[in-house]
Each structure stands twice: as C-alpha cells, then as structure tokens.
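These protein sequence lines map, in sequence, to chains B and U. Going letter by letter, the first sequence gives residues 261 to 473 in this note's numbering. Going letter by letter, the second sequence gives residues 261 to 473 in this note's numbering. Using N, Cα and C, we set each Cβ at its ideal position, and we do this for glycine too. Here the structure comes first, spelled out in structure tokens, and everything after it is commentary.
2 protein chains.
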Amino acid sequence: MKTFSNNQLERYPLYLRLLSDLRDKGETVVSSPYIAAKLGFSEELVRKDLQAVCVESGRPRKGRSIDDTISDLEAFLGYSEPMRAILVGAGSLGGALLRFPGFESSGLYIEAAFDSSPDHYGKQIAGKDVYPMNELSDYIKRHNIKLAVLTVPSFAAQEVAEILAKAGIEGIWNFAPVALEISPKVTVENINLASSLAVLGHRMKERRNKHHG
Amino acid sequence: MKTFSNNQLERYPLYLRLLSDLRDKGETVVSSPYIAAKLGFSEELVRKDLQAVCVESGRPRKGRSIDDTISDLEAFLGYSEPMRAILVGAGSLGGALLRFPGFESSGLYIEAAFDSSPDHYGKQIAGKDVYPMNELSDYIKRHNIKLAVLTVPSFAAQEVAEILAKAGIEGIWNFAPVALEISPKVTVENINLASSLAVLGHRMKERRNKHHG
C-alpha cells in the first residue's frame, strides 16, 4: 500500500471541495494548472497528487473530467463507505459538532453521543440520542463503532480514551486539548481550536509590534 | 521581541487549560514534571516553555503557584485584552461557531456576523446580529475590528478575504478549505476539519490493512 504524508492527505479534501464547487457551477472539465492556481499549490504537486489516486489521468489540453475525478477522490477518501462514529462529551463544543450538518459530506456520521452529566444524557441533540457514560463500551461493541469524536474536558480525556480503546475503537478525533497516551493500535488525530487561536493572536501581535515599534 | 515557533505557541493553551482544571479542583501549586507527565511532553520542554513567558520562576521542590502561572499564561496569550472579531459566513459551520460558548475563555469575542444570503442576514444567531455582506467593510472600519473568522464556502473565500484585507483586517482565522492569497500584512491561520478527518480515516485504514492483509 502506497504511503501518503499528512500534508498530502490534507490536500485531497481541498481538491474535492474545489471540484464540487465547479460542478455545482455547471463545469465539467478542469485542468491541473487551474486547480493549482486556485489553491495556491504548484502544478507539479497537483498533478502528482491526482495521479496517485485517480484511475483515469487527465489528457493534455483537454483536462480531466470533473465527475470522474470527484468519484476517484471520494473513493480514495473513503466517502463511499461512511465513517460511523460516536461522540463523547455533549457539552458546548460537542453540542456544536452534533449540530453541524457539514460532516456528512466528509463521510462522517455521528450516530450517538455520550455524556457523564444528567444535564445532557437522556436528551437528544440534533436528533441524536445522548446516553450516559456507563453505556459507552456496550454501545461501541454492539454497534461495531470504530471511530470516536472526543470532546470531553481535558481532565477526563485520558480516562475516556482508555475506555474507548478497550471497547474496540480504532480512531479518535480528539478535540480535548491534551496529548493522549494510548495503545499504538488507536489512531489519534488532534484538533485544537484554542491552540490555533493562540498562534494567530501571537503572530498578529508580532507583526503589529514590528510595524509600530 | 522573542520569537516562538508555532509548536511552542500551540502548547501554551494546553498548559493554561491543565492549570485551570487543577485550580478548579482546589490545587494551588504544580510542578513542571507533573505538567510534563500529564501532557506527554518532556520536563525540559515544559520548564523552558514556562520560563519563557512566566514572570516568577518555580522553586525546586516547592513547585510553582498555579494562580501566578495562570496569570502569566493569560497575559502572554493576550487573554487580558480580548480579541474582538467578526465572522463571515453564517451558514452551518459559522452558525455552530457563533453558538459555541467556549471561545470567550480563549479570549475571542465574535461581535457580529455577515452573510450574503437573506436566509441568514437580518436575524440573530446566539444573540449576535447577522448583517448583509455590503455592510462588512463599513462595520470593520467603524468598530475597529482586526480579526475575522472566515466560514464562507470555498469558492467565495478568496474574494471575501480581499475585502477583509482592504477594510483593515490584520488576522483571518480561516475555516474555508482554500489557501488564501493575500497581502503579507494579514496573518492567516487555517483550520480544516475535513482535511483532519481525511488524515484520520486514511491512517485507520492503513493500520487495518497492515493487520489483516
């Protein structure tokens, strides 16, 4: 199996989004140089990325079929077999993610949520049932869930991650701002909004000081 | 002015979150080795990170004051002077971000939103007014806003980013899955949920193939 770098993998959803937008506008054919210019990558990079995952290659001068390329990208990204997931931590961030309808176009289907607080469990958020934590392991096994979205407070994240690993979860999309120590069998991908904001705020301040001081 | 790497900047919110959790539990003192173990970093790294931004250093054996360290981290991260922002694109993702109450603890205050669709403007989301796009430049100038959260569809992102730059925006927190081509005076920080998911999904698949095939 070919291995892909994180950077390369991160580019495929950008291609897919751009091509879907073009298709929505009625376009049927696209060229690598056009994609490269739109996304700010080199032509060489775009050509190689698409060649690595597309069945049919583009033809010089004619470009590539948008429909075929979208199908190839979706197949590569696994959007044809949706990722079924549960979410743990149905507080403010978890609730926002449950309400966000955009995930399904990225192949993510959050089926149920779990929370330790009676303020949250026993209810529905965006049509999804929120269950108490003591039903977590059983649900994962019974429904054969492999992916968990982790949105618990940081102090609870490690403990919950261990429960998830034991129940058979293979991937954790971690929004809790901690580095999880977990079985190497589990893939962890971190999203940290506060860290991203900290970088942005600091870089803005740096630039301002450079110009004014 | 000292320069910080992105990786280092991204760690400060993690320290702050951990220490806030400890304070909430009634703790008053913490050691670098404890922080290092909790977050999965080396002791050396934690000590250097904290020394770089904290006024008072920890004392061997006694550890460092949680309250003082929190104040130092908040001052460094600029949480004492909140980042006032506007959000452009009040659709599904933008709406979720407007409803998410967690940003204020990271120093981000979204004051108003803008959208090109009459389905969205003229309304309020989470108590914040949504205005039509033609009021965007004027609002930014009149309210002296320097930061924009960008949650428009990818095909609109570049055009909106140029309007933002012209109106005086200095930083863009970009959730649109495109690489913005913009004045070097504007700092751009990208968050791409679909790309992060693509990495996670692919790594899970790789691992499964390795074990089963």
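Worksheet item: For Glu364 of chain B, which of helix, strand or coil comes out of DSSP?
Response: Looking at Glu364 of chain B - three-state DSSP - the assignment turns out to be helix.
Worksheet item: What is the C-beta distance between Met464 of chain B and Lys406 of chain U, in whole angstroms, given that I count them as a contact (C-beta under 8 Å)?
Response: Yes, Met464 of chain B and Lys406 of chain U are in contact; Cβ-Cβ is about 7 Å, under 8 Å.
Discussion item. Which residue wins for smallest C-alpha separation from Thr411 of chain U, given the options U:Asp332, U:Ser340, U:Asp328, U:Leu358?
Written reply: Checked all of U:Asp332, U:Ser340, U:Asp328, U:Leu358; the closest Cα to Thr411 of chain U is U:Leu358.
Worksheet entry | Under the three-state DSSP convention, the category Lys298 of chain U falls into | If DSSP states are grouped into helix, strand and coil, Lys298 of chain U belongs with the helices.
Discussion item. For the structure I just gave you, are there three or more beta carbon pairs, one from the stretch 451-460 of chain U and one from the stretch 362-375 of chain B, closer than 8 Å?
Written reply: Touching, per the Cβ criterion.
Worksheet item: Using 8 Å as the limit for Cβ to Cβ distance, is Glu334 of chain U near chain A?
Response: Although the question refers to chain A, the structure presented lacks it and instead comprises the protein chains B and U.
Practice prompt. Pair every Cβ in the stretch 301-315 of chain B with every Cβ in the stretch 324-343 of chain B, then say whether three or more of these pairs are closer than 8 Å.
Written response: Of all C-beta pairs linking the stretch 301-315 of chain B to the stretch 324-343 of chain B, three or more are shorter than 8 Å, placing the two stretches in contact.
Item to complete: Measure the Cβ-Cβ separation of Leu347 of chain U and Val409 of chain U and say whether it is below 8 Å.
Response: Going by beta carbons, Leu347 of chain U and Val409 of chain U fall inside the 8 Å limit.
Worksheet item: Can a CB atom of chain U be found closer than 8 Å to the CB of Thr447 of chain B?
Response: Among the CB atoms of chain U, one or more fall inside 8 Å of the CB of Thr447 of chain B.
Discussion item. Using the three-state DSSP reduction, which class does Asp327 of chain B fall into: helix, strand or coil?
Written reply: Helix at Asp327 of chain B.
Worksheet item: What is the DSSP secondary structure of Leu457 of chain U, counted as helix, strand or coil?
Response: Under the three-state reduction of DSSP, Leu457 of chain U is assigned to helix.
Item to complete: Just mark Lys298 of chain B as buried or exposed, buried being the case when its beta carbon has 16 or more other beta carbons within 10 Å.
Response: Buried is the call here.
Item to complete: Anything in chain B within Cβ reach of Phe504 of chain U, meaning under 8 Å, just list it in chain order.
Response: As shown, chain U starts at 261 and ends at 473. That puts residue 504 of chain U outside it, with no answer to give.
Item to complete: Could you round the C-beta distance between Ala326 of chain B and Leu279 of chain B to whole angstroms and report it? I think they count as a contact, below 8 Å.
Response: According to the sequence shown, residue 326 of chain B is Ile rather than Ala. In this structure Ile326 of chain B is in contact with Leu279 of chain B, their Cβ atoms being roughly 5 Å apart against a cut-off of 8 Å.
Worksheet item: When burial is assigned at 16 or more other CB atoms within 10 Å of the CB, is Asp379 of chain U buried or exposed?
Response: Burial check for Asp379 of chain U: the Cβ neighbour count within 10 Å stays below 16, so the residue is exposed.
Worksheet item: What do you reckon, are the CB atoms on Ala372 of chain U and Asp389 of chain U nearer than 8 Å?
Response: Contact flag set, yes.
Discussion item. Which of the three DSSP states is assigned to Asp379 of chain B in this structure?
Written reply: Asp379 of chain B: coil per DSSP, three-state reduction.
Worksheet item: Name the chain B residues whose beta carbon is nearer than 7 Å to that of Tyr272 of chain U?
Response: Simply Ala458.
Fill in: Beta carbon of Ser292 of chain U nearer than 8 Å to that of Arg271 of chain U
No, the Cβ-Cβ distance between Ser292 of chain U and Arg271 of chain U is not below 8 Å.
Practice prompt. Would you please state the rounded distance, in angstroms, between the beta carbons of Gln268 of chain U and Asp309 of chain U? I believe it to be under 8 Å.
Written response: With a Cβ gap of about 6 Å, Gln268 of chain U and Asp309 of chain U count as contacting.
Worksheet item: By DSSP, does Asp392 of chain B sit in helix, in strand, or in coil?
Response: The question names Asp, but residue 392 of chain B is Pro in the sequence shown. Looking at Pro392 of chain B - three-state DSSP - the assignment turns out to be strand.
Practice prompt. Spell out the partners DSSP gives Met343 of chain B in its beta bridges.
Written response: Answer by DSSP bridge pairing, in chain order: B:Leu368.
Worksheet item: Would you say Asp309 of chain B reaches chain U, if we count a Cβ-Cβ gap shorter than 8 Å as a contact?
Response: Chain U contact via Cβ: absent.
Worksheet item: In chain order, what residues of the stretch 365-397 of chain B put their CB closer than 9 Å to some CB of chain U?
Response: The stretch 365-397 of chain B vs chain U, Cβ under 9 Å: Ser365, Ser366, Gly367, Leu368.
Discussion item. Going by DSSP, what residue range makes up the alpha helix (DSSP H) through Ile423 of chain U?
Written reply: Its alpha helix (DSSP H) spans residues 414-427.
Fill in: Test item: CB-CB of Ala454 of chain B and Ser443 of chain B under 8 Å
Not a contact, by the Cβ cut-off of 8 Å.
Worksheet item: What is the DSSP secondary structure of Ile400 of chain U, counted as helix, strand or coil?
Response: For Ile400 of chain U, the secondary structure class from DSSP, reduced to helix, strand or coil, is helix.
Fill in: Pick from U:Gly362, U:Phe435, U:Glu430, U:Ala350 that is closest to Met393 of chain U, judged by C-alpha positions
Distances from the CA of Met393 of chain U to each of U:Gly362, U:Phe435, U:Glu430, U:Ala350 were compared; the closest alpha carbon is that of U:Ala350.
Item to complete: Determine the burial state of Pro361 of chain B: buried for a count of at least 16 other Cβ atoms within 10 Å of its Cβ, exposed for fewer.
Response: A residue is called buried once 16 or more other Cβ atoms fall within 10 Å of its Cβ, and Pro361 of chain B, having fewer, is exposed.
Worksheet entry | Pairwise C-alpha distance: Lys401 of chain B and Gly428 of chain B | Taking the CA atoms as reference points, Gly428 of chain B sits about 7 Å from Lys401 of chain B.
Worksheet entry | Asn469 of chain U classed as buried or exposed, judged by whether at least 16 other C-beta atoms fall within 10 angstroms | With a threshold of 16 other beta carbon atoms within 10 Å, Asn469 of chain U falls short and is exposed.
Item to complete: Identify each residue in the stretch 418-441 of chain B for which the Cβ-Cβ distance to at least one residue of chain U is less than 7 Å, and report them in chain order.
Response: Across the stretch 418-441 of chain B, CB contacts with chain U closer than 7 Å involve Glu430, Gly431, Trp433, Pro437, Val438, Ala439, Glu441, in sequence order along the chain.
Worksheet entry | Three-state secondary structure (DSSP) of Ala436 of chain B | When DSSP states are grouped into helix, strand and coil, Ala436 of chain B belongs to the coil group.
Worksheet entry | Ala408 of chain U - containing beta strand (DSSP E), residue span | That run of the beta strand (DSSP E) goes 407-410.
Worksheet item: Between which two residues does the beta strand (DSSP E) carrying Asn267 of chain B extend?
Response: In the DSSP annotation of this structure, Asn267 of chain B is not part of any beta strand (DSSP E); the continuous alpha helix (DSSP H) holding it starts and ends at 266-284.
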